[in-house]
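K.L.:
Quick note: the sequence shown uses the numbering used here, first residue 2, plus one each step. Beta carbons are placed, not taken as given, at the ideal position from N, Cα and C, and that holds for glycine. After the structure tokens below, expect a handful of questions from me.
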Amino acid sequence: MKLFSCPNCRQVLHFENTVCQACGRQLAYLSGEFVVIDPAAEEPVLLCQNFKEHDACNWAVAPESTSAFCQSCALNELIPNLDTPEARQAWVRLEAAKRRLLYSLSALGLPVEPKSGTGGLAFAFKASSEEEPVFTGHNEGLITINIAEASDQFREKTREQMGEPYRTILGHFRHEIGHYYWDRLIAQSDWLEPFATLFGDHSLDYAEAQRRHYEQGAPADWASRFVSAYASMHPWEDWAETFAHYLHMADTLETARTYGLAIAPRAASGAKIPSVTTRRLHFDDFDDLITAWFPLTNALNSLNRSMGLPDLYPFVLSEPAIAKLRFVHEVVTEQAGAAVAPEESLVRAAS
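Take a look at the structure:
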């Protein structure tokens with residue numbers, strides 16, 4: 002995530018800002034930048050309806066749009082009943098994470114179109130009940146999120162029950178959008194054969210794989226081949242977990258580059274440890290990204306430990322997992338226009 006600036010006074014802004022703290026202008030995010038909201042302007046920028054009615058959005062409506070909602074909120078097929086403060090708070094947190102997801106997808110050049118007929122993307126945020134349990138997941142372009150995931154207590158309890166090192170709202174969005182892009186970018190494309198070589202046969206019975214995973218757990222050697230234990234369940238989940246991990250990397254590294262972060266650590270013995278200067282990162286070069294990723298995450302984990310907190314990045318990437326991340330990178334860059342032939346990707350991933 003990059004830093005922004007107020008178009009009126011150039012004060013530094015963050016992605017969630019609605020007002021400039023320096024000049025007091027009301028602001029909204031639109032197409033990669035912030036704009037001033039001035040009702041008296043000849044062609045005023047319109048705030049999203051969810052900002053005006055619920056103070057739940059800081060995006061503006063695109064000038065060419067006929068909707069009262071911004072690009073992000075227009076993707077909603079269903080939102081929870083907002084009669085209770087808890088439901089409203091959960092929804093606001095989910096929307097904030099969704100906007101970060103959409104920012105990343107736009108920055109990577111990935112297509113985002115509203116659902117219509119058999120194509121496109123939509124979101125449903127639902128509360129679970131005994132009569133109608135809600136499971137977070139993806140189905141034919143519709144991403145459903147159980148709003149309980151916005152509760153820190155629920156999410157932490159579930160994380161411990163599932164034995165997961167990491168579970169966040171944004172992580173859910175990134176995982177489920179991975180399923181969406183598998184359908185869109187892999188399933189009917191020339192990438193399917195190299196996908197099978199790296200991730201496995203996607204036609205394996207998913208229900209059986211799911212049953213086996215929850216009854217027997219992940220294989221003992223999962224860390225030598227996958228980014229997470231859950232990724233070992235089925236090739237679809239391996240792709241979704243790897244895709245989510247790639248988005249973690251891209252967004253975190255962009256943030257580090259925005260701040261001009263440079264790391265040049267030295268051991269107590271004086272021995273030099275690999276360093277990185279993130280402001281020189283080239284995001285079209287996977288080797289550049291992965292080389293920067295390791296010293297950056299080591300530093301982040303060390304900072305957290307200094308505060309008595311768990312590791313911010315509780316993962317260890319094996320060579321096969323890195324090869325899968327490279328594959329995701331090349332699928333994404335081809336979609337964005339930097340074409341890489343699928344057969345070339347396979348050679349590079351295996352090297």
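1. So, using beta-carbon positions, are Asp289 and Leu282 closer together than 7 Å?
2. CA-CA distance, His235 and Asn147?
3. Using CA atoms only, rank isn't needed, just tell me which of Pro64, Ala268, His249, Ala42 is closest to Cys49.
4. Assign Pro311 to one of two classes, buried (16 or more other C-beta atoms within 10 Å of its C-beta) or exposed (fewer than that).
5. Compute the beta-carbon to beta-carbon distance between Cys74 and Ala61, rounded to the nearest angstrom, for a pair I have assumed lies under 8 Å.
6. For Gly82, collect the residues of the same chain with a Cβ closer than 8 Å to its Cβ; drop the 5 residues on either side in sequence, then sort them by chain order.
7. Suppose contacts are defined by Cβ-Cβ distances below 7 Å. Is Thr159 in contact with Leu4 by that definition?
8. Please report how far the alpha carbon of Pro45 lies from the alpha carbon of Gln12, in whole angstroms.
9. Give me the DSSP bridge partner(s) of Asn147.
10. Which of the three DSSP states is assigned to Ile354 in this structure?
11. Would you report the Cα separation of Leu14 and Val333, rounded to the nearest angstrom?
12. In whole angstroms, what is the alpha-carbon distance linking Leu248 and Tyr104?
13. Which two residues bound the contiguous alpha helix (DSSP H) that contains Tyr181?
14. Which residues share a DSSP beta bridge with Glu34?
15. Smallest Cα separation from Leu205: which of Asp239, Gln154, Tyr182?
16. Is it true that the CB of Leu31 sits closer than 7 Å to the CB of Cys21?
17. Can you pull the DSSP bridge partners for Ala61?
18. Can you check DSSP and say which residues form a bridge with Val329?
19. Under the assumption that Thr292 contacts Ala257 (Cβ atoms under 8 Å), give the Cβ distance between them as a whole number of angstroms.
20. Classify Ser105 as helix, strand or coil using the three-state DSSP reduction.
21. Output yes or no for whether 7 Å exceeds the beta carbon distance between Phe16 and Leu102.
22. Name the residue from Cys58, Tyr167, Asp39, Asp191 whose alpha carbon lies nearest to the alpha carbon of Tyr231.
23. Around the Cβ of Ile170, are there at least 16 other Cβ atoms within 10 angstroms (buried) or fewer (exposed)?
24. At which residues does the alpha helix (DSSP H) containing Asn299 begin and terminate?
25. Among the candidates Pro8, Asp202, Val113, Ile264, whose CA atom is the shortest distance from the CA of Leu301?
26. Could you tell me the distance, in whole angstroms, from the CA atom of Leu254 to the CA atom of Glu132?
27. I'd like the span of the alpha helix (DSSP H) that includes Glu157, first residue to last.
28. When you compare only the Cα positions, how much space is there between Leu304 and Val317?
29. Can you look up Ser225 in the DSSP assignment and give me helix, strand or coil?
P.N.:
In terms of the structure at hand:
1. Cβ atoms of Asp289 and Leu282: closer than 7 Å.
2. If I take the Cα positions, the gap works out to 22 Å.
3. Of the candidates Pro64, Ala268, His249, Ala42, the one whose C-alpha sits nearest the C-alpha of Cys49 is Pro64.
4. Here Pro311 is exposed: its Cβ has fewer than 16 other Cβ atoms, across all protein chains shown, within 10 Å.
5. Not really, about 11 Å apart at Cβ, beyond 8 Å.
6. Reading off the sequence, residue 82 comes out as Asn, not Gly. Excluding sequence neighbours, Asn82 sits near Ala88, Ala128.
7. No, Cβ-Cβ distance for Thr159 and Leu4 is not below 7 Å.
8. C-alpha separation (whole angstroms): 22 Å.
9. According to DSSP, which records beta bridges pairwise, Asn147 is partnered with Lys127.
10. It is not possible to answer for residue 354, since the shown part of the chain is limited to 2 through 352.
11. Note on geometry: alpha-carbon atoms of Leu14 and Val333 lie some 28 Å from one another.
12. The alpha-carbon atoms of Leu248 and Tyr104 are separated by roughly 11 Å.
13. Segment 170-182, the alpha helix (DSSP H) holding Tyr181.
14. Residue pairing of Glu34 in beta bridges, as defined by DSSP: Leu31.
15. Distance check between Leu205 and each of Asp239, Gln154, Tyr182 places Asp239 closest, using alpha-carbon atoms only.
16. No.
17. According to DSSP, which records beta bridges pairwise, Ala61 is partnered with Leu48.
18. Paired residue(s): none; Val329 is not in a bridge.
19. In fact, because the Cβ distance is near 13 Å, the residues do not count as touching under 8 Å.
20. Here Ser105 sits in helix by DSSP.
21. No, the Cβ-Cβ distance between Phe16 and Leu102 is not below 7 Å.
22. When the alpha-carbon of Tyr231 is set against those of Cys58, Tyr167, Asp39, Asp191, the nearest one is in Tyr167.
23. By the 10 Å Cβ count, Ile170 comes out buried.
24. Per DSSP, Asn299 is one residue of the alpha helix (DSSP H) stretching across 287-307.
25. Nearest C-alpha to Leu301: Ile264.
26. The alpha-carbon of Leu254 is positioned some 43 Å away from that of Glu132.
27. Element bounds for Glu157: 153-163.
28. As the crow flies, the alpha-carbon of Leu304 is around 17 Å from that of Val317.
29. Helix, per DSSP.
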